[in-house]
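Here's the structure we're looking at; comments come further down.
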Amino acid sequence: MKIYISADFEGVTGVVDRHQCFPGHPDFEHARRRWIEDINAIIEGGIEGGASEFLVNEAHAAMNYMLPELLHPKASYISGYVKRDNQMEGLDPSFAGAVIMGHAMAGTAGGVLNHSYVMRDVVALRLNGKAVGELALNAYWGALLGVPLVLVVGDDKFAEEAKALIPEIEDAVVKRGLSQFTAQNLPLQDARQVIRETARRAVERAGEFSPLELPESFELEIDFSLSEIAHLCSLIPGVERVSGRTIRYQSTDYRQVMHLRIVCTNLALATVRGHF
Ligand SMILES: [Zn+2]
Numbered sequence: 065m066k067i068y069i070s071a072d073f074e075g076v077t078g079v080v081d082r083h084q085c086f087p088g089h090p091d092f093e094h095a096r097r098r099w100i101e102d103i104n105a106i107i108e109g110g111i112e113g114g115a116s117e118f119l120v121n122e123a124h125a126a127m128n129y130m131l132p133e134l135l136h137p138k139a140s141y142i143s144g145y146v147k148r149d150n151q152m153e154g155l156d157p158s159f160a161g162a163v164i165m166g167h168a169m170a171g172t173a174g175g176v177l178n179h180s181y182v183m184r185d186v187v188a189l190r191l192n193g194k195a196v197g198e199l200a201l202n203a204y205w206g207a208l209l210g211v212p213l214v215l216v217v218g219d220d221k222f223a224e225e226a227k228a229l230i231p232e233i234e235d236a237v238v239k240r241g242l243s244q245f246t247a248q249n250l251p252l253q254d255a256r257q258v259i260r261e262t263a264r265r266a267v268e269r270a271g272e273f274s275p276l277e278l279p280e281s282f283e284l285e286i287d288f289s290l291s292e293i294a295h296l297c298s299l300i301p302g303v304e305r306v307s308g309r310t311i312r313y314q315s316t317d318y319r320q321v322m323h324l325r326i327v328c329t330n331l332a333l334a335t336v337r338g339h340f
């Protein structure tokens, strides 16, 4: 049985602040090791639950932070940027289930490091009128490929977001969010134990899960911080400028929606880097 792991960083045990999330600060090096150890705990639990193969897809920032000598020997991994399918690169119908290590959507009260793709500059996303973050958009990608989401790993607000979308999902909660940049963390060994046990259960139960139901058509709206980003995105054929800061894209093909999102959030990054 194959299990897919989309491994973002903000949900890692003990990570609460931005400087822990990017290279260049000594705390990043500690956090990076814990990230890999959390991934390994998922894999150990997954093996206990009956999985034999794991693909880890790096899903944070430059997506090239893996230290392969520390990663569990049963896992292959995808590194690098920009990947065509971004946080869900490499997923295909041969996987029995997907795991997402992540964080709550932008604007979630108490969600540790809450954001949606680009902190500050992507203010909100809506799919068919409903607020969504990275989790839901990735879960729909799983649905497109027939792979259910079976486990989320992160803080309690991320778990709540996941349960609202997929009530039967397993959740490994390693910290309680107190604000965007503060949390009460479980003792490290307890966090690992929680991850391992929920991963075992999620994999044992993988056959019970169904992928999310995909809507027949999609309307994606994105609110940006700056009108300049919306301006740039509106130059893409098919993208509508709804207001100063908001664009809209409609399609019946979720693949196109996902790829449009990838381009627009990268344009947000590029625009902000270029001017400020
Ligand atoms: Zn991240």
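Numbering (the numbering used here), first residue to last: 65 to 340. Even for Gly, the Cβ is constructed at its ideal location relative to N, Cα and C.
Give the DSSP bridge partners of N121, in chain order.
Locating residue 121 in the sequence shown gives position 57, counting from the first residue. In the DSSP assignment, N121 is bridged to S70, I142.
Give the secondary structure of G161 by DSSP, where H, G and I count as helix, E and B as strand, and everything else as coil.
What you label residue 161 is simply residue 97 of the sequence shown in a count that begins at 1. Three-state DSSP puts G161 in a strand.
Which of helix, strand or coil does DSSP assign to Q314?
By 1-based counting over the sequence shown, the position of residue 314 is 250. Correct three-state label for Q314: strand.
Here's the rule I'm using: 16 or more other beta-carbon atoms within 10 Å means buried, otherwise exposed. How should A126 be labelled?
The sequence position of residue 126 within the sequence shown is 62, counting from 1. Under this definition A126 is an exposed residue.
Out of curiosity, what's the CA-to-CA distance linking L191 and I286?
The residue labelled residue 191 in the question sits at position 127 within the sequence shown. The residue labelled residue 286 in the question sits at position 222 within the sequence shown. Roughly 9 Å separates the two Cα atoms.
Could you check if D72 belongs to the surroundings of ligand 1, using beta carbon to heavy atom distance under 8 Å?
What you label residue 72 is simply residue 8 of the sequence shown in a count that begins at 1. For ligand 1, at least one heavy atom lies less than 8 Å from the Cβ of D72.
Kindly indicate which three-state DSSP category Q244 falls into: helix, strand or coil?
One-based indexing of the sequence shown puts residue 244 at position 180. Coil, per DSSP.
Supposed close pair I106, V217 - CB separation, criterion 8 Å
Residue numbering aside, residue 106 sits at position 42 when the sequence shown is read from its first letter. Residue numbering aside, residue 217 sits at position 153 when the sequence shown is read from its first letter. That pair is a contact at about 7 Å.
Residues in its own chain within less than 7 Å of Q84 by CB, not counting five upstream and five downstream?
Locating residue 84 in the sequence shown gives position 20, where the first residue counts as 1. In its chain, beyond the 5 residues on either side, D91, F92, A95 have a beta carbon closer than 7 Å to the beta carbon of Q84.
Verify the contact flag: C297, CB atom, against every heavy atom of ligand 1, threshold strictly below 8 Å.
As a working note, residue 297 is residue 233 in the sequence shown. C297 Cβ: outside cutoff for every heavy atom of ligand 1.
Does DSSP put I365 in a helix, in a strand, or in coil?
Because the chain in this structure spans residues 65 to 340, residue 365 falls outside the shown range and cannot be described.
Secondary structure of V186, DSSP reduced to three states:
Reading the sequence shown from its first residue, position 122 is the one you call residue 186. Taken through DSSP and simplified to helix, strand or coil, V186 comes out as strand.
Nearest-angstrom Cα distance between G75 and A226?
Taking the sequence shown and counting its residues from 1, the one referred to as residue 75 is at position 11. Taking the sequence shown and counting its residues from 1, the one referred to as residue 226 is at position 162. If you draw a straight line from the Cα of G75 to the Cα of A226, it comes to about 13 Å.
For T172, which of Y129, T316, M183 has the nearest alpha-carbon?
Start at 1 with the first residue of the sequence shown, and residue 172 comes out as number 108. Nearest to T172 by alpha-carbon distance, out of Y129, T316, M183, is M183.
L331, buried or exposed, once every other Cβ within 10 Å from all chains shown has been counted against 16:
Within the sequence shown, the letter at position 267 stands for residue 331. It is buried - the Cβ of L331 has at least 16 other Cβ atoms within 10 Å.
Which same chain residues end up closer than 8 Å to L135 when comparing Cβ atoms and leaving out the 5 residues on each side of it in sequence?
In the sequence shown, the residue the question calls residue 135 occupies position 71. Excluding sequence neighbours, L135 sits near I100, I103, N104, V120, Y141.
Using DSSP's beta-bridge definition, name the partner residues of N249.
Taking the sequence shown and counting its residues from 1, one reaches residue 249 at position 185. Per DSSP, K239.
Throw me the rounded Cβ distance for the L324 and L284 pair, which I believe falls under 8 Å.
Your numbering for residue 324 matches position 260 in the sequence shown. Your numbering for residue 284 matches position 220 in the sequence shown. Right, the Cβ-Cβ distance comes to about 7 Å (below 8 Å), so this counts as a contact.
Buried or exposed: E280, going by 16 or more other Cβ atoms within 10 Å of its Cβ?
Translated into the one-based positions of the sequence shown, residue 280 becomes position 216. Burial state of E280 is exposed, judged by a 10 Å Cβ sphere holding fewer than 16 other Cβ atoms.
N128 classed as buried or exposed, judged by whether at least 16 other C-beta atoms fall within 10 angstroms:
For the purposes of this step, residue 128 is identified with residue 64 of the sequence shown, where counting begins at 1. The residue in question, N128, is exposed, as its Cβ has fewer than 16 Cβ neighbours within 10 Å.
Is DSSP giving A203 helix, strand or coil here?
For the purposes of this step, residue 203 is identified with residue 139 of the sequence shown, where counting begins at 1. It is helical.
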